[in-house]
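Taking it in order: structure first as structure tokens, then the write-up.
Numbering (the numbering used here), first residue to last: 184 to 596.
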């Protein structure tokens, strides 16, 4: 059954044993049940986010130190463990906001969609003090994330109107600074895109100048009943606001191991001759990752609470195409990071290497970037420079797909 994909590793050798052995393993007996309903799957993802944001919120701070303290070095950190903005995001965010400030002298209206615990809040405060007042609607499906953002805002000197009281879906709460108004909005992850758009528009009170779809947000939106919702959300963003900043996972570089695993499972599931027990086993593990380039990745420390979060990836060309299809006409896609966000924010050497290589590549200095990487590897492995590759490493026509772990796109109508 799994012969075409057995070479992908022990995961499928175990699958073969479980599904095709003379007796089913006890863990496989659950395959008699149908896959979990969409609403239950979303609830499970929210549960994981709530728990992990709560773990981080007791040490909420603008310093990256708290991330390692809360989650530990061996944790497969997800978006909730990365609570600061990196330089490429800050640059893109400022460009979007300042471009809109040129055409308005009043308050700039921003929708922070999938705000998490407020990674962008500190930068938004700086922008409001430097360039004029902002009004921000920050929405998320995780109550734990919004509570962590409330605590972060309090630490940053806001004037809360009452205590944290988001107790029902689509309720919102205001926080104030001298130059910034923040409204926290608890969203429903199971409703239609049209309902989300209507509720966001109601709280915005008008057309947003900028929609922020921050790191991991769009990549984390799963399909509903096997149909992708990400394109529909992009079209909604285009109707809700004049411009967009989107940070997305590059499928050609990021999370390659889980991508291969889930691609192999989908390939096996497509076999019409697959036995019913094996089919159910695969469907239970695929869960919502039924479309190409979708998968689950682990967070938490193995053996003590490992959880799985839905994710997806896309390449530079795919991002451009779907933004244009959504209604945007001016689209730019850039390298956001070449190293894991968590490492960039917690390891100074990784951050310096990330920034240096990105700068050289964006300037077209591909040979200098290759030389820098070769020297770093040589120092780490105690190998002389002449032993390394002398042929070109980077393909200028495929550069962003080749090197970027994350991409950042900015688009306007």
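Positions of the beta carbon are idealized from the N, C-alpha and C atoms, including for glycine.
Cross-strand partners of residue 432 (DSSP beta bridge): According to DSSP, residue 432 bridges with 589.
7 Å CB neighbourhood of residue 232 in its chain, flanking five on each side removed: Closer than 7 Å at the Cβ level, and outside the excluded window around residue 232, lie 263, 325, 327, 328.
9 Å Cβ cutoff met for residue 426 and residue 282: Contact: yes.
Rounded straight-line distance, which links the Cα of residue 575 to that of residue 550: Distance from the CA atom of residue 550 to the CA atom of residue 575, rounded to whole angstroms, is 7 Å.
Alpha-carbon spacing of residue 404 relative to residue 412, whole angstroms: Their backbone Cα atoms lie some 7 Å apart in a straight line.
Buried/exposed call for residue 541, threshold 16 Cβ in 10 Å: Flag for residue 541 reads buried.
Inter-stretch contact (C-beta, 8 Å, three-pair minimum) for the segment 304-318 and the segment 351-366: Cβ pair count under 8 Å is three or more, so yes.
N- and C-terminal bounds of the beta strand (DSSP E) containing residue 557: Unbroken run through residue 557 is the alpha helix (DSSP H), 549-564; no beta strand (DSSP E).
Helix, strand or coil at residue 514 [DSSP, three-state]: In the three-state scheme derived from DSSP, where H, G and I count as helix and E and B as strand, residue 514 is classed as strand.
Cα-Cα separation between residue 378 and residue 419, rounded to whole angstroms: The alpha-carbon atoms of residue 378 and residue 419 are separated by roughly 10 Å.
Cβ pair residue 384, residue 510 closer than 9 Å: No. Outside cutoff.
Span of the alpha helix (DSSP H) around residue 601: In the structure displayed, the chain extends from 184 to 596; residue 601 sits before or after that span and is not available.
CA nearest to the CA of residue 390, picked from 294, 514, 498: Scanning 294, 514, 498 for the CA closest to the CA of residue 390 turns up 294.
Sequence-distant residues of its chain with Cβ nearer than 6 Å to residue 582 (five each side left out): The answer is none, since no qualifying residue turns up.
Straight-line gap, residue 205 to residue 457 (C-alpha atoms, nearest Å): Residue confidence for residue 205 is low, a pLDDT of 35 falling below 50, so the modelled location carries little weight; the figure read from the coordinates is stated next. Answer to the nearest angstrom: the Cα atoms are 16 Å apart.
C-beta contact flag for residue 346 and residue 368 at 9 Å: No; because the gap between Cβ atoms is not below 9 Å, this pair is not in contact.
Buried or exposed by the 16-neighbour rule on C-beta atoms within 10 Å, applied to residue 439: Flag for residue 439 reads exposed.
Own chain residues within Cβ distance below 6 Å of residue 275, not counting five before or after: Hits under 6 Å: 428, 591, 593.
Cα-Cα separation, residue 356 to residue 388: Spanning the alpha carbons of residue 356 and residue 388 requires a straight line of approximately 15 Å.
At least three beta-carbon pairs within less than 8 Å, the segment 557-572 to the segment 487-495: In short, these stretches do not touch, since the Cβ pair count stays below three.
Limits of the alpha helix (DSSP H) - the one that residue 314 falls within: 304-314 is the extent of the alpha helix (DSSP H) around residue 314.
Three-state class that DSSP yields for residue 408 in the structure shown: Residue state, collapsed to three classes: coil.
Residue 493, DSSP secondary structure in three states: DSSP places residue 493 in strand when its eight states are reduced to three.
The ligand FAD heavy atom lying under 8 Å from the CB of residue 576: Absence of the ligand FAD is noted for the structure shown, with no ligands found whatsoever.
Residue 271 and residue 522 closer than 9 Å at C-beta: Contact: no.
Cβ separation of residue 394 and residue 349, assumed to be a contact under 8 Å, to the nearest whole Å: That belief does not hold up - the Cβ atoms of residue 394 and residue 349 are roughly 21 Å apart, past 8 Å.
Beta-carbon spacing of residue 508, residue 417 below 9 Å: A contact, by the Cβ cut-off of 9 Å.
Span separating the alpha-carbon of residue 470 from that of residue 462: Approximately 12 Å, taken between the alpha carbons.
Residue 479 versus residue 442 - alpha carbon distance: Taking C-alpha positions only, residue 479 is separated from residue 442 by approximately 8 Å.
Expected contact under 8 Å - CB spacing of residue 436 and residue 587 to nearest Å: About 6 Å separates the two Cβ atoms, so the contact holds.
Contact set for residue 277: own chain, Cβ-Cβ below 7 Å, skip 5 residues either direction: Excluding residues within five positions, the ones whose Cβ falls inside 7 Å are 310.
Cβ-based neighbour list, residue 468, same chain, cut-off 7 Å, excluding 5 preceding and 5 following: Hits under 7 Å: 448.
Per-residue DSSP class, three states only, for residue 225: Three-state DSSP puts residue 225 in a helix.
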